[in-house]
Amino acid sequence: MKKNLFRTYLIAGGLCVLSAACTNLDETLYDKVNSSNFFQTKDDVYRSFLRTFEHGYWTVQGTTFMMQENTGDQIMTPNRQGHWYDGGTYYRLHYHTWTPQDNYTSDGWNNLYQGIAQANNSLEDLRSLDASKFSMTDAELKQLIAELRTMRCWYYIRLFDLYRNIELVTTFKGETKGVAQATPKETFTFIETELKEAIPDLAAKGDPGTENFQGRWTKAGAGALLARLYLNAKVYIGEDHFNDCAVICQDIINNKYGNYALAQRWDEPFDWNNDKSGETIFAFPGSFGRTHWQYDGGMYWWGGPYKASQYFGFTDWGNMNPKYALQPGRDVDGNEYSFQLGKPFLKFAKYPDDVRLKLYKNLGNSTREGMFLFGYLVYNDGKDTVTSDNGYTLYIRDQVGIFNRQVGDRLVSYGPNEVPSDKQSDMTHADQNSGLYFVKYPFYPTDDAHRIESDYAEVRLAEIYYALAECKFRAGDKATAATLLNAVRQRYYPSGSPSLYDAGGSTLTEQELLDEWGREFLGEGRRRTDLVRFGKFNSGTWWDKQPDGDDHTSIFPIGQNVMNVNTSPALKQNPGYN
Amino acid sequence: MKDLTWVDELKLRGDYGVTGNQDFGNYLSLDLYNGYGYYPLNGTYYQVWGPGQNTNYNLRWEKAHNWNVGLDFSLFHSMVSGSINYYQRRQQDLLGNYNVPIPPNIQTQTYANVGSMRNSGLELQLNVLAVNRKDFNYSISFAGATNNNRFVSFSNDQYHGQGFIDVVGMPAPGSPGTAQRLQEGERIGNFYMWKYAGVDDQGNFLVYDKGGKPIPSNQATNDDKQIVGNGLPRFTASLGHSFNYKKWDASVYFRGAFGYDIFNVHDFYYGLQNVQQNTNVLESAYGKNAHISGQNTLAFLNDYFLEKGDYVKLDVVTIGYTLNSKSKYFESLRVYASTRNLATFTSFKGIDPEAYPVNGLYPGILTNSDGGGSKAYYPSTTQVLFGVQLNF
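Note that the protein sequences, when read in sequence, are chains A and B.
Going by my numbering, the first residue of the first sequence is number -10, and it counts up by one from there.
Going by my numbering, the first residue of the second sequence is number 9, and it counts up by one from there.
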């Protein structure tokens, strides 16, 4: 019997050679899932739905953060005696001399379009599902679909802002070719329509079922994205949409889209429990154990001196890194620079009773004071002071230069009143004393139960107030603009402080308004957009930055890794980059 | 032919074949869903799932077409023998991860049959029995090979347009970028980086821009990079001599590689004064590289660090003496001394040039297993052996 069986195999094997069975390479899935067998329960619907949200959180940091902040007048990544030179990558960001060969011009595109592809894939899946089979109501499924469309718009607005001439894709499965680039007007209309269509299906904050709505898009969230689109419409399509912007902002402030309220404590929007803050409109959920991308190396974790983690008492992750620091307000001799833009710390110091101006300190029990790191960072009950990675005690200053020298066999920093003879201050010539740091999101110590727990506040109510204030300002209504700005600003100054704008808004100039955007949204990944809207991005002068020859760098080139593979249909490079 | 008595043997041969490749994983064509990170919904954290790879329903066999022709010969009563061989291998539908656009794709790369590559070369082997007497033999063996590896194309009917890939991303400190470029129609191993044009008053690099004008390194853009050398040797060769004189035997073996460049990675990272504050540097920092003293010199990839890789190595030298035995336990006894890697003749200033690969996709530069640039290498040693050999 056995013999026969063996012979059967032999014959079968022989036949196989001659039949289609051996040339048909179709595979059967055993230990994997694909789109056809993935959806079994309601939880699987959620798992697919959340894919693009999880990716979206990742995209707030790294490449896009660099593109928005290193190109502006507030944040710098200078060459610190060999650290952060990186083949001139950050010089080119600072000087606006990037080319399609700089990888971030490709990565920005790919990272955001990946989120769009994920959203499209989930949309196609969810739209084909029968809600009842997953014990869901049609309304719930509709709401998830509206959130995915809103999420997709959030990516599209950023692509539009960075690259302007982009592809509008709404399908994913089985697609093998991209589409021709849309005109800015088409893109504008697409985003506007999508958001307007999504809003009715989205939940409003306070609706039943939104008690635990951390990290989800609501009516107000989508409205805020519309406000962003309208506020910058002049830049995007040459059309003034400040009135549309004002209407949607006023609606959000009037709680038409759910109840929101400005935080009264200045650091509440960034604190560990900011998901509960009335100011939070959309925030990505952060936690120490899961993701916390704003605390990652692509963002604030690399926004302090190497040893600042010791100053914070936060020792879980080793050293920080001084990649992102504030551009200086003063030259090596201590004189304030005469240009108007930049000088971020001095812009705060202009109003000296600002509670944020204090040195950042952890006060225990998940509380902190101050928003900046400067001077000597003393810790361990006064026994230790933060040093550079190679041993000199830091005296952090609002200046850029070489503020350490060799004394015997040690490196020593210049003291507060010492002035080095080397006056050079530019991107190529910095040490680890150069430039202040800002700490918006707290670094509570390792033994604090709420360390690294803040959500990343992507949209907060303050932005709606500022956008509306700008619309009013541009319409000539300075008084209302001042009132709106003060509504947010009153948390930074003592009541009745002269730092608040006077009721008529007489001190509110265009420069002041731009400065105020800079103060409120320092390091929140939007400075480039604001500078462009105020017409300063290309024409402005700031530290180690002369005006550009023309304004083609107000949008980025489509990177070579994107251009090279996009041949059908071929993408058209943005003007000035060929 | 019969009259050609000086020809002992002459053989012309040729062959041709097509082979495939099965060195790849399962399910690579399908729309698999993979698990990623976590995100909360209604207070519960879910692992999110989504497309894990680009689909490619047209995945198929890779084909390598090989042919070679050769001539084997033995002449003058076996005094001269050897072979000449010409080979060409054309790999089509090469399987690999190819860059594709997003959108329509979700990942930057798709596993696809795209590239075609052509390797060709001429190999020569020659053995000469120069002296053949009763007490004295002297024979010479020579082997040489040329190698010409080109990427013919990165395209097929579906994936096209990409004329090159930048490869060998160099490691920290700094992020220097990639050192080589694989380009359609070009030899493998092209170094693609800035072209050194001296230093400025501060000791920072000057490089040539794309118009050929020297500019300070901090004004150089990626568009100014160019092909500045190639790491694939034009020619490799070895030469052996062996002698027998009565009971003495000796052999000397040389080998070398010629006509290529090496990126001196250690000079690049450790050979400048200001690579990083307070780090140990090589002597070259204050010697041949002393003029590059500026603050902006770390991790700036340029062909200053590219050197001629040509080398000749005196590898094996052996000398031995054989005693015939009168013992019944063994037949003969040989006493010998031998070396390995005795001396290297090269103008290359870095480590043993042989530590750098001369084949594969990234010749002329140190790489790790992922094809990224590396500083790590296994130091070469010189061995001296003394031995006794018993024949039973």
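Where a beta carbon is used, it is the ideal one built from N, C-alpha and C, also for glycine.
Only a predicted model underlies this, so the values are computations on that prediction, with no experimental measurement involved.
Residue i at chain A interface by Cβ criterion, 8 Å
i	result
P371 (chain B)	no
T229 (chain B)	yes
S382 (chain B)	no
G171 (chain B)	yes
F308 (chain B)	yes
G248 (chain B)	no
N282 (chain B)	yes
G206 (chain B)	no
I114 (chain B)	yes
Cutoff 8 Å: residue i Cβ touching any chain B Cβ
i	result
F523 (chain A)	no
S117 (chain A)	no
A10 (chain A)	Confidence at A10 (chain A) is low in this model, with a pLDDT of 48, below 50, so the placement of that residue should be treated as unreliable; the coordinate-derived value is given next. Answer no: the Cβ-Cβ gap between A10 (chain A) and chain B never drops below 8 Å.
I270 (chain A)	no
S488 (chain A)	no
R147 (chain A)	no
A171 (chain A)	no
V401 (chain A)	no
E156 (chain A)	yes
R138 (chain A)	no
P189 (chain A)	no
A470 (chain A)	no
In DSSP terms, what residue i is bridged to
i	result
P222 (chain B)	B:Y216
G264 (chain B)	B:A245 and B:V320
Q397 (chain B)	B:R342
F303 (chain A)	Its beta-bridge partners do not exist; DSSP assigns none.
A187 (chain B)	A187 (chain B) pairs with nothing; no bridge assigned.
G43 (chain B)	B:W57
P533 (chain A)	Pro is not the amino acid found at residue 533 (chain A); the sequence shown has Asp there. According to DSSP, D533 (chain A) bridges with nothing at all.
Residue closest to residue i, alpha-carbon to alpha-carbon, out of the options
i	options	result
Q418 (chain B)	B:E362, B:K203 and B:A351	One cannot answer for residue 418 (chain B) here, as it falls past the ends of chain B, which runs 9 to 400.
G494 (chain A)	A:T165, A:Y481, A:S543 and A:L474	A:L474
T556 (chain A)	B:Y95, B:F313, B:P112 and B:I223	B:P112
N369 (chain A)	A:D398, A:Q253 and A:Y300	A:Y300
Y481 (chain A)	A:F27, A:V344 and A:L450	A:V344
P546 (chain A)	A:N379, A:T94, A:Q413 and A:F161	A:T94
F342 (chain B)	B:N272, B:K255, B:G171 and B:L280	Looking at the sequence shown, residue 342 (chain B) is not Phe but Arg. Comparing Cα-Cα distances from R342 (chain B) to each of B:N272, B:K255, B:G171 and B:L280, the minimum goes to B:K255.
T88 (chain A)	A:S484, A:W255 and A:S543	A:S543
R242 (chain B)	B:V26, B:L18, B:P181 and B:G317	B:G317
L83 (chain B)	B:A228, B:K19, B:L67 and B:L130	B:K19
P365 (chain B)	B:K71, B:I235, B:G220 and B:G239	B:G239
G104 (chain A)	A:H439, A:E136, A:T48 and A:R116	A:T48
P197 (chain A)	A:I391, A:E129 and A:S117	A:E129
R199 (chain A)	B:G51, B:Y41 and B:E339	Contrary to the premise, residue 199 (chain A) reads as Thr rather than Arg in this sequence. With distances taken between Cα atoms, T199 (chain A) lies closest to B:G51.
Q397 (chain B)	B:I373, B:N105, B:S183 and B:Y329	B:Y329
Extent of the continuous beta strand (DSSP E) to which residue i belongs
i	result
V587 (chain A)	The question about residue 587 (chain A) has no answer here: the residues shown for chain A are numbered -10 through 567.
S201 (chain B)	Note on residue identity: the sequence assigns Met, not Ser, to residue 201 (chain B). Counting along the chain, the beta strand (DSSP E) containing M201 (chain B) begins and ends at N198 to M201.
Y445 (chain A)	Y445 to R449
S82 (chain B)	K71 to L83
E17 (chain B)	V15 to T27
Y106 (chain B)	V88 to N107
F271 (chain A)	T269 to F273
T354 (chain B)	A351 to T354
Y79 (chain A)	Counting along the chain, Y79 (chain A) falls outside any beta strand (DSSP E), though it belongs to the alpha helix (DSSP H) covering T78 to Y84.
L132 (chain B)	Q117 to N140
Alpha helix (DSSP H) segment containing residue i, residue limits
i	result
R517 (chain A)	R516 to R522
P333 (chain A)	P333 to A338
V477 (chain A)	K467 to R478
I155 (chain A)	Premise fails: I155 (chain A) is in no alpha helix (DSSP H) and is neither H nor E.
Integer Cβ distance of residue i from residue j, believed to fall under 8 Å
i	j	result
G275 (chain A)	E442 (chain A)	6 Å
I385 (chain A)	I241 (chain A)	39 Å between Cβ atoms; not a contact.
L218 (chain A)	F177 (chain A)	7 Å
S161 (chain B)	G123 (chain B)	6 Å
A171 (chain A)	L157 (chain A)	5 Å
K569 (chain A)	S124 (chain A)	The displayed coordinates of chain A run from -10 to 567. Any statement about residue 569 (chain A) would go beyond what the structure contains.
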